[in-house]
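Residue numbers (my numbering): 40 to 309. Every residue gets a Cβ at the ideal spot worked out from N, C-alpha and C, and that includes glycine.
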Amino acid sequence: MVIYLMLLSLLSGLIMGAAVLFVLYRWVIPTAVQYHGGLALLWHDVIVERALDTLTRTSRPQRILKAVQRKATVGDPQSVITAIDHFCRHREWAMNVGDEKGSILDSVVNEVSPVTVLELGTYCGYSTVRIARLLPPGACVITLEFNPDYAAIARQVIKWSGLEDKVQLVEGASGDCIPWMKEHFGVQAFDLVFLDHWKERYLPDTKLLEECGLIQKGTVLLADNVICPGTPDYLEYVRNSPRYNSHYYRSHLEYTKAEDGLEKSVFLGY
40 MVIYLMLLSL
50 LSGLIMGAAV
60 LFVLYRWVIP
70 TAVQYHGGLA
80 LLWHDVIVER
90 ALDTLTRTSR
100 PQRILKAVQR
110 KATVGDPQSV
120 ITAIDHFCRH
130 REWAMNVGDE
140 KGSILDSVVN
150 EVSPVTVLEL
160 GTYCGYSTVR
170 IARLLPPGAC
180 VITLEFNPDY
190 AAIARQVIKW
200 SGLEDKVQLV
210 EGASGDCIPW
220 MKEHFGVQAF
230 DLVFLDHWKE
240 RYLPDTKLLE
250 ECGLIQKGTV
260 LLADNVICPG
270 TPDYLEYVRN
280 SPRYNSHYYR
290 SHLEYTKAED
300 GLEKSVFLGY
């Protein structure tokens, strides 16, 4: 009888402990880090992602793709965007540009009405789809992704959206790929450049684009995550250079309440 009561007590304790851990994981900690970008990135992008990768034996991009395949309609870009946003808000956070900043991205694309777009950092193809769906016939997004696993997922997401004819996905490091853009794609200069890759590459890649003549008078650079994780050297450059006219769009880190924003910089000429 004593052993039975001890086992029952142990079982009750385990169940209670598991319940507390679940509540902490599902609601308490995500709510607590909502207003602090650094903590949000640490929790979602390090702790949770690694734990789920281990438990499910899948990657976050693979889980995003499954959400698209379950919820989105083939050939409907908006349904792909909606499926990813719902997954990232209600299931598992991911560092897409997100719905709030995505609306700002949409407005800039519509304003510029670009024919040639360069995206630095494809990840799972979320922003690629956002941009490509707004482009006129004959326009194209060239998107660069360093990680081949991300690129493989992005290709499937883009194909699911039905926009593969408007997208050229290139695997490789931006510093290696930018110098041969003109020769390989026949692009003289880009109308719009969306920077959303490694933050430490924003400034050197911008200068490389200038050196290669891929930025012309009127080219718009739109940079994500300029506050969180942050790109201070890039901001100092575009805000103080006589070559650019810059404007900051205040917003929030994707799917949180922590401050972040987009920096729009119009190139004024050499």
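Report back the beta-carbon spacing between residue i and residue j to the nearest angstrom; my notes put them in contact at under 8 angstroms.
{"i": "V265", "j": "L274", "result": "6 angstroms"}
{"i": "S285", "j": "S304", "result": "4 angstroms"}
{"i": "V180", "j": "A171", "result": "5 angstroms"}
{"i": "L183", "j": "A193", "result": "Not quite, the Cβ-Cβ distance comes to about 11 angstroms (not below 8 angstroms), so this is no contact."}
{"i": "W132", "j": "H83", "result": "4 angstroms"}
{"i": "Y288", "j": "G300", "result": "5 angstroms"}
{"i": "D244", "j": "S213", "result": "5 angstroms"}
{"i": "V151", "j": "D230", "result": "6 angstroms"}
For a cutoff of 8 angstroms on Cβ pairs, would you count residue i as touching chain B?
{"i": "L231", "result": "Included in the structure is just one protein chain, with no chain B present."}
So is residue i buried or exposed if we call it buried at 16+ other beta carbons inside 10 Å?
{"i": "R96", "result": "exposed"}
{"i": "L260", "result": "buried"}
{"i": "D263", "result": "buried"}
{"i": "T70", "result": "exposed"}
{"i": "S200", "result": "buried"}
{"i": "L81", "result": "exposed"}
{"i": "P271", "result": "exposed"}
{"i": "E302", "result": "buried"}
{"i": "L292", "result": "buried"}
{"i": "D124", "result": "buried"}
{"i": "K246", "result": "exposed"}
{"i": "I86", "result": "exposed"}
{"i": "T155", "result": "buried"}
{"i": "L307", "result": "exposed"}
{"i": "V315", "result": "Residue numbering for the chain in the displayed model covers 40 to 309; residue 315 lies beyond these limits and cannot be assessed."}
Can you check which of these residues, the options, is closest to residue i by C-alpha distance?
{"i": "H236", "options": "H223, T167, Y276", "result": "T167"}
{"i": "D115", "options": "L159, L202, R130", "result": "L202"}
{"i": "L311", "options": "T121, R89, A90", "result": "Because the chain here runs from 40 to 309, residue 311 falls outside it and cannot be looked at."}
{"i": "F233", "options": "T70, D188, Y162, V113", "result": "Y162"}
{"i": "S146", "options": "G214, R169, L247, A111", "result": "R169"}
{"i": "G257", "options": "V119, N135, A228", "result": "A228"}
{"i": "L157", "options": "R128, R282, E239, K205", "result": "K205"}
{"i": "G134", "options": "V72, A79, C251", "result": "Note that residue 134 is Met in the sequence shown here, rather than Gly. M134 has its Cα closest to that of A79, out of V72, A79, C251."}
{"i": "G211", "options": "G177, L159, R130, L247", "result": "L159"}
{"i": "L174", "options": "P153, N186, G164", "result": "P153"}
{"i": "Q73", "options": "L307, Y309, T295, F306", "result": "T295"}
{"i": "L242", "options": "V226, F224, R278", "result": "R278"}
{"i": "P218", "options": "V151, C251, C127", "result": "C251"}
{"i": "E189", "options": "A178, K238, Y165", "result": "The amino acid at residue 189 is misidentified as Glu; the sequence shows Tyr. The candidate whose alpha carbon is nearest that of Y189 is Y165."}
{"i": "P100", "options": "P187, T155, E150", "result": "P187"}
{"i": "R318", "options": "F185, S142, R102", "result": "Absent from the structure is residue 318, since the part of the chain shown begins at 40 and ends at 309."}
{"i": "R130", "options": "A297, C267, A111, A106", "result": "A106"}
{"i": "L248", "options": "A178, Y309, V113, G77", "result": "Y309"}
{"i": "F126", "options": "R102, Q255, K140", "result": "R102"}
{"i": "V196", "options": "Q117, E139, A297", "result": "Q117"}
Who pairs with residue i in a beta bridge, going by DSSP?
{"i": "Y162", "result": "Answer is none; Y162 lacks a bridge partner."}
{"i": "Q117", "result": "Answer is none; Q117 lacks a bridge partner."}
{"i": "V209", "result": "L183"}
{"i": "F306", "result": "Y283"}
Would you say the beta carbon of residue i is closer than 7 angstroms to some non-hydrogen atom of the ligand FMN?
{"i": "L174", "result": "With respect to the ligand FMN, the structure offers nothing, as it holds no ligand at all."}
Completely contained beta strand (DSSP E) runs for the segment 217-247, where each covers 3 or more residues: 229-234
Complete runs of the alpha helix (DSSP H) confined to the segment 242-304 [at least 4 residues]: When DSSP assignments are scanned along the segment 242-304, the uninterrupted stretches of alpha helix (DSSP H) that are 4 or more residues long and fall wholly within it turn out to be 271-279.
Uninterrupted alpha helix (DSSP H) stretches inside the segment 130-204 (no shorter than 4 residues): Runs of the alpha helix (DSSP H) inside the segment 130-204: 137-151, 165-171, 187-200.
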